[in-house]
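Residue numbers (the working numbering), protein chains in the order written: chain A, 56 to 396; chain B, 594 to 1187.
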């Protein structure tokens, strides 16, 4: 009897995990109708969406950062809004403000005109071009999923995901994102140049007469269900310990920090880093047909989760040390629990 | 569930056995770095024993034997240089790269450090092994009477330098294997890693122990079952012994190698043999100043007299030695006694003939410049300075009586050993110190009963030299009493008291004159003279009025005025129709919207 119940539970869980994986692949397939290559970036964006996090895409212009987000919004059939950040943008421009409107009786009243921040899928294009004042308007929305304007607090509808882009090269006239906001992004994904064989497909899809149509394969409700499935994935103790060790290793002068981290790092990851490792690791476990997170899953998502949480010092910038190099050092130095070597 | 538990138990025990062998590997890895140290212990001990052996043999045959420092062979010197310079050059290269922030190159070179270290350590080890063969063969021949038995030496060397470290490793590994403990999770992690199971076995073993497992935990347990059965059928690969971690042993072994080098130099350079040269020890005066005449050469003494005749001279001994000064010089050249070690040995073993020379020897051993300046006699520099003083006096003095006096003075001083103290026996003194000492000596001479006119003249010369910095120095008197103990006489006035001699009289001008420098010192501080307090001078300026031309308002021009006539282009009829139609449409649309 117990075995039968166990079998039923296992089959239900397996069905959920299978559904999760299927939806994930469907969305990816739809996005890849338009996007050529960039598989890791697409997977990262989808992982963040299904894990309930936000994504910061960094890359030079013309690599399709905005295109990925637009295709994703079409594929998941969510309300999408794009905010093009500019230096003269004010918080009210994205949050919304009270405007004076004329009533039917000829009178006037103050009504709330909501901004583009109140949506499901936000594309914050070139987010580093806005002033810190405007950038900070995103903090509450990204963390508490609500917007407060005056005395009015608006709870944002789930799923809510901010996908921001920034250009790492053109730094003049930009405002680097504050650490508090960087920490709120689950992933920072580096969008690189496509491979040589991908250029032909890009030309065909973008300059041909045939228009690519992206069909919605899921909706917001399904996304929320998949998020619940991801959060239910089991985490063994050794994986928790390993994730904690990794995050502590990013903090300079901690007991797990390699020498390079202590030498080149000004600020390490906060506990949000552990949360990110666990959530993204759970999605990875489901995608790999497992029901529990492994240390390999944590290692897979470590770069995306931790690279924007490592604030490097001047010495690192002078010697061209990147956060990814330090994360490589951390992954090499920090041994998994019960490691035999 | 039970099947999974049983499989996991089997896997844990299997992994534990495997990992205990792995612990053996770890123990061997940890033991490897110590092998070098253990291997170097024997050469260290052996050379300690070797030194003791040489010392004992010397003591047994000290009557007719001598030490002689054999020049170090070029091979040994090269070996030493290579062994020391390779790590030093490598370290300097790393430091250079670090300072230039070539981190990549530095890291790649740092990986090559074990190879460099092995190269550095190979030379001293090879040298000592070869030296060991040689010495053991000689030792066997001398001690046991049979012919040089190289195989015995090889055997001993191999056993002591190679076999013992391996035995050490074996013991270390045995204890590491016997007392090593492996926990269950580590055993299962081994199979997870080997089979690529992504921690499935560890997770299942952890979730299995939970009372209320979540659905996903239960699913993870179920998922691990087939993998556990698969792991039971798997045979783990053999463990490979890793290379020894050289980083932990580099510095101790480098220092050990350097220490052995020092020992090797000392034991290899010293040869103990029967004395074929009767006179191995010579006086340092014989070769310090080769231009001296044979009369000035102090007679050498037998080495066996060294310990007994340092304090009490034996007048009969130098008689036989004075006849062979040239042989002594040859012996000195043959033994190449220019090294500091030989000089110190000889200096300590030189028997002294007179009490004056004994004083000089003791003063030179103490290495005190002031005392040596006042007591040293019989050294070459003292004679040179006497000659300089004599030349100086000859140039100054015109009367022949003074020359006679000076010659007598020199003879007396050379006999007593005090006159040599007037010269600056040590070149380490500064000029000011020398001047002050000369002044003090001159003041002491004033109160001596045997003072002569020559010393007064010398004092005058010195005072003339220092008079620029010490005002009224010529009128100053020497201190009456240098003792600081109260005389008990009282504080009554005394003509001879000048306040500089201690508590004998009332204090007058003590301190200020003595604080002045005896040597004129140029002012090193270049600055400007203080201008004093800041003075503010107020200057009074007379204002000059500006002439402004005023204009009445009625005289100003008109600001608003006609711009004149604009020329208008006459439109063609069709253009008028178009404009008319446009504005009519625009008005009509506005009316429609409203």
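All C-beta atoms, glycine included, are put in the ideal place defined by N, C-alpha and C.
- Taking a Cβ-Cβ cut-off of 8 Å, residue 804 of chain B has no neighbours in chain A, whose nearest Cβ is about 14 Å from it.
- Taking a C-beta distance under 8 Å as the contact criterion, residue 338 of chain A and residue 102 of chain A qualify as a contact pair.
- Around the beta carbon of residue 1161 of chain B, fewer than 16 other beta carbons sit within 10 angstroms, so the residue counts as exposed.
- The stretch 118 to 138 of chain A makes contact with the stretch 81 to 96 of chain A; the number of CB pairs closer than 8 Å reaches 3 or more.
- Ranked by how close their Cα comes to the Cα of residue 382 of chain A, the residues A:262, A:209 and A:354 have A:354 in first place.
- Rounded to the nearest whole angstrom, the CA to CA distance from residue 389 of chain A to residue 327 of chain A is 19 Å.
- About 12 Å separates the beta carbons of residue 782 of chain B and residue 797 of chain B, which is beyond the 8 Å limit, so they are not a contact pair.
- In the three-state scheme derived from DSSP, where H, G and I count as helix and E and B as strand, residue 349 of chain A is classed as coil.
- Looking from the CA of residue 602 of chain B, the closest CA among B:1143, B:791, B:799 and B:786 belongs to B:799.
- Under a criterion of Cβ atoms nearer than 7 Å, the residues of chain B adjacent to residue 65 of chain A are, in order, 811, 812 and 815.
- Residue environment for residue 331 of chain A: buried (at least 16 other C-beta atoms within 10 angstroms of its C-beta).
- Around the Cβ of residue 143 of chain A, a 10 Å sphere holds fewer than 16 other Cβ atoms; the residue is exposed.
- Residues of the same chain with a CB within less than 8 Å of the CB of residue 1166 of chain B, apart from the 5 flanking positions on each side, do not exist.
- Of the residues assessed, residue 214 of chain A falls on the buried side of the cut-off, its CB having 16 or more other CB atoms within 10 angstroms.
- DSSP places residue 300 of chain A in the uninterrupted alpha helix (DSSP H) bounded by 292 to 304.
- Counting only residues of its own chain and dropping the five nearest sequence neighbours on each side, residue 162 of chain A has no CB closer than 7 Å to any other CB.
- If you check the CB distance, residue 809 of chain B and residue 67 of chain A do not come in under 8 Å.
- For the C-beta of residue 799 of chain B, the chain A residues within less than 7 Å are, from N- to C-terminus, 291 and 292.
- The continuous alpha helix (DSSP H) containing residue 779 of chain B extends over residues 777 to 788.
- A direct Cα-to-Cα measurement between residue 183 of chain A and residue 245 of chain A gives close to 15 Å.
- Any Cβ of chain B closer than 8 Å to the Cβ of residue 346 of chain A would place that residue at the interface, and such an atom is present.
- Interface with chain A (8 Å Cβ-Cβ cutoff): residue 823 of chain B is excluded.
- Nearest Cα to residue 198 of chain A within the set A:387, A:74, A:180 and A:240: A:240.
- Comparing alpha-carbon positions, the option among A:169, A:99, A:106 and A:104 lying closest to residue 113 of chain A turns out to be A:99.
- One finds 792 in chain B with Cβ atoms closer than 7 Å to the Cβ of residue 350 of chain A, taken in chain order.
- Counting every other CB atom within 10 Å of its CB across the protein chains shown gives residue 1180 of chain B a total below 16, marking it as exposed.
- In summary, residue 231 of chain A is exposed, with fewer than 16 beta-carbon neighbours lying within 10 Å of its beta-carbon over all protein chains present.
- From the listed residues A:200, A:110 and A:212, the smallest Cα separation to residue 179 of chain A is found for A:110.
- In this structure, residue 203 of chain A and residue 195 of chain A form a Cβ contact; the two beta carbons are roughly 6 Å apart against a cut-off of 8 Å.
- Distance from the Cα of residue 391 of chain A is smallest, within the candidate group A:350, A:379 and A:371, for A:350.
- Sorting A:376, A:336, A:86 and A:321 by C-alpha distance to the C-alpha of residue 368 of chain A places A:321 at the top.
- Between residue 175 of chain A and residue 135 of chain A, the C-beta spacing is below 8 Å.
- Residue 779 of chain B has a beta carbon lying within less than 8 Å of a beta carbon in chain A.
- Counting the other Cβ atoms within 10 Å of the Cβ of residue 719 of chain B gives fewer than 16, which makes it exposed.
- Look at the stretch 295 to 307 of chain A: it has no residue with a C-beta under 7 Å from a C-beta of chain B.
- Of the candidates A:264, A:226, A:191 and A:69, the residue whose Cα lies closest to the Cα of residue 116 of chain A is A:226.
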